[in-house]
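All residue numbers for the sequence shown refer to our numbering, where the first residue is 65 and numbers rise by one.
All C-beta atoms in this analysis are idealised placements derived from N, C-alpha and C, irrespective of residue type, glycine included.
Below is one structure, written out as structure tokens; the observations come after it.
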Amino acid sequence: MKSKIVGELKPLEHDLDFFESEPYPIPYFNNKKLKIGFVDARYPSYLFEADEVLENFLKLDVKESIKNAQLVFNYYDEILKFGYTKRLDIKTVEEVWNFVYPSEIIIDWDENGVFYLCVSCGCEWEEEHGLQLVFKNGLSLTKASGHGESYED
């Protein structure tokens, strides 16, 4: 299986429909290398669209992540209201990124054929549920929330 963007894909042993790439530099995260997961890479129509979504996402750079900081900060602020996490030393909204640790990317699609590029992250304010960044069609950050929530509000 091969992606036109990231090259050779390997299946996971426990899920033969799920394929992943070798770590690939991601401009949005200052070229940090992350594995990219493709949930249904066996289907040519999925793989073609997933590559388009990934291509969109790879056009976003650090400047875009700075613009998106407010959405991530809002999630941090929401979690603070629950009272079980300590306030972090964040002086500006953009500094929220200093407490976010991206670990992998998964490209998923729903029953209507809408694609979502999801970045799984650890974060210092929500260790249990982490942070999921959702980019609808890979074009822009549309949601920042804990893992396991829906891709859209």
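Just the C-alpha distance for residue i and residue j, rounded to the nearest angstrom, thanks.
i	j	result
Leu152	Pro75	39 Å
Asn132	Leu205	7 Å
Gly212	Glu192	11 Å
Lys123	Gly147	37 Å
Phe112	Tyr139	32 Å
Could you name the residues of the same chain whose beta carbon sits closer than 8 Å to that of residue i, not counting the 5 residues immediately before and after it, in chain order?
i	result
Leu73	Met65, Lys66, Ser67, Phe83, Glu84, Ser85, Phe102, Ala105
Phe137	Ile154, Val157, Val160
Pro89	Asn95, Lys96, Lys97
Take residue i as the anchor and find which of the options has the nearest alpha-carbon.
i	options	result
Tyr165	Glu190, Leu144, Ile143	Glu190
Pro87	Lys97, His78, Leu80	Lys97
Ile130	Leu144, Ser109, Val160, Tyr139	Val160
Glu116	Gly186, Tyr215, Leu181	Leu181
Val183	Asn201, Asn176, Glu175, Gly177	Asn201
Does the beta carbon of residue i fall short of 8 Å from some heavy atom of the ligand FMN?
i	result
Ala208	Of ligands this structure carries none, so the ligand FMN is not represented either.
Is the beta carbon of residue i less than 9 Å from the beta carbon of residue j?
i	j	result
Ala114	Phe199	no
What residue ranges within the stretch 121-157 form continuous alpha helix (DSSP H) runs of no fewer than 4 residues, ordered along the chain? 126-131, 133-144
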